[in-house]
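Input: a single structure, listed below in structure tokens.
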Amino acid sequence: MYFLLSLGAFRCVFPIGEKIDQSARLEISNDSEVMRMANHLESFLSAARRVLRPGESRGLGFVLPHEYKRILVVRTDRIGDVVLSTPVIKVLRDNYPHAFIAMMVSPHSKEIVEGNPYLDEVVLYDKDAKEKGWLSSIKFSRKLNKSKFDIAIILHPTNRVHLISYLAGIPKRIGYDRKMGFLLTDKFSHTKQLGQKHELEYNLDLLENLGLRIDDKKLFMPIRSASEEWAEDFFKSQGINNADKLLLINPAASCPSKIWPSDRFAQVAERLAQRYGLKVIIVCGPKDVFIAEKVIAQMKIPAYSLAGKVSLSQLASLLKRSALFISNDSGPVHIASALGVAVISIFGRKQKGLSPKRWGPIGIRGKALHKDVGCINCLAHNCKKEFACLKAITVEDVLGAADNLLRCGV
């Protein structure tokens, strides 16, 4: 069965369900006419791609949304980035209820996506160890080839993931035109550095370009029974009851330009604990235990330290019980947002691509604090002004935000 498109001297015949470049039979009267009509055809197909819904039409020479059977989502960077990518999984499942959907992530992010009910498989790419070298990445692509994915949706551009998806023989590779973007079949302008919208929206933009329906933008973080049991055991061992209100503090971050002074965290924790009767728990990663120790040493009231001792799943179970989470700009902020926990995120830097507009907590229970101190060029961790933007955020600023969230129940 064929679809015939006739534009004057330009006639194109498409077998239904096939791609243009593999199936079109052209009958041409002259070259200039072909070029003109080809441009009309391209415009026609672009318009059709934007307006067609899955299942409404077939055979116009491009792969319509419902034709993808095996889908790979790729996001191999940091924890918060992966959390902000979880709505992509749900949107894909809504549009492709019968497709096989996998997500490729780094091992440190696997707890975010394992157990996601809309995923069929989690593919681990260990770019920092097992697949660190180029040769190992090439071998990884050969293994990926066996999965026979129809499409790779690459949410964060890197040289390696573009090369891997290409070498894996995935026929459609969609992503942002950066870092060997020429290896993509469908590439879109990379403007994330301008920080014009939230990272969540940048992720969903790629799906909009596929013509997909987007009804749900909620973040997702699984809660595991093993982590719930661990949390209950911890609370019992420390004499923390169900009626007790918890304040979780994360005083660490991935870069010095993101770390608010430890003495200010200590003051905030003390005053909120006294004002609202909160019990304070300090959390952070294994590499940042010394920061947590500094905060506790400067506090005049007791605090529980789980610094370097909790997994992401265990952190989620702690956050679920918390009245408030206060943190530097870091991945756990987005885990809190996914769980609907009141969260304050403290930002430094004056870079549009790293701004609260792009990376702030999602939802009405999230508050980002940031101050512009007039820097023309931000040097980030090489700051020559002793991180003046961070120091401009006062204890009173954080307490005010906390009061609004705790008193209003927002």
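Remember, my numbering sits 219 above the position in the sequence shown when you count from 1.
Beta carbons: idealized from backbone N, C-alpha and C, even for Gly.
Computed from a predicted structure; not experimentally measured.
- Unbroken beta strand (DSSP E) stretches of 3 residues or longer found wholly inside the segment 378–428: 391–395 and 405–407, given in chain order.
- For Phe319, the secondary structure class from DSSP, reduced to helix, strand or coil, is strand.
- Judged by DSSP secondary structure, Ile612 falls outside any beta strand (DSSP E); it is assigned neither H nor E.
- In this structure Asp300 is buried. Its beta-carbon is surrounded by 16 or more other beta-carbon atoms within 10 angstroms.
- Rounded to whole angstroms, the separation of the alpha carbons of Leu558 and Ala450 is 16 angstroms.
- The count of Cβ pairs closer than 8 angstroms, one atom from the segment 429–440 and one from the segment 546–557, reaches three, so the stretches are in contact.
- When secondary structure is reduced to three states using DSSP, Val487 falls in the helix class.
- The beta carbons of Lys329 and Leu343 sit about 6 angstroms from each other, so the pair counts as a contact at 8 angstroms.
- For Glu350, there is no enclosing beta strand (DSSP E), as DSSP marks it with neither H nor E.
- Residue Ile320 holds the alpha-carbon nearest to the alpha-carbon of Ser366 among Lys398, Ile320, Ile510 and Thr377.
- Following the DSSP letters along the chain, one finds Leu534 in no beta strand (DSSP E) but inside the alpha helix (DSSP H) bounded by residues Leu531 to Lys539.
- In this structure, DSSP gives Ala516 a helical state, which the three-state scheme calls helix.
- Here Val502 is near Leu534, since their CB atoms are less than 8 angstroms apart.
- At a Cβ-Cβ threshold of 8 angstroms, Tyr523 and Gln415 do not count as neighbours.
- Within the segment 441–496, complete beta strand (DSSP E) segments of at least 3 residues are found at 464–469, given in chain order.
- Taking Asn547 as reference, the option from Val529, Lys528, Gly572 and Leu588 with the minimal CA-CA separation is Leu588.
- Taking the Cα of Ile583 as reference, the smallest distance to any Cα among Lys464, Ser541 and Asn623 is reached at Asn623.
- Residues Ala471 of the same chain have their beta carbon placed closer than 6 angstroms to that of Asp507, with the five preceding and five following residues left out of the count.
- Pairing Tyr495 with Lys539 gives a Cβ-Cβ distance that is not under 8 angstroms.
- Looking at the DSSP output, Arg289 bridges to Phe319.
- The Cβ neighbour count for Glu615, taken over all protein chains shown within 10 Å, is under 16; the residue is labelled exposed.
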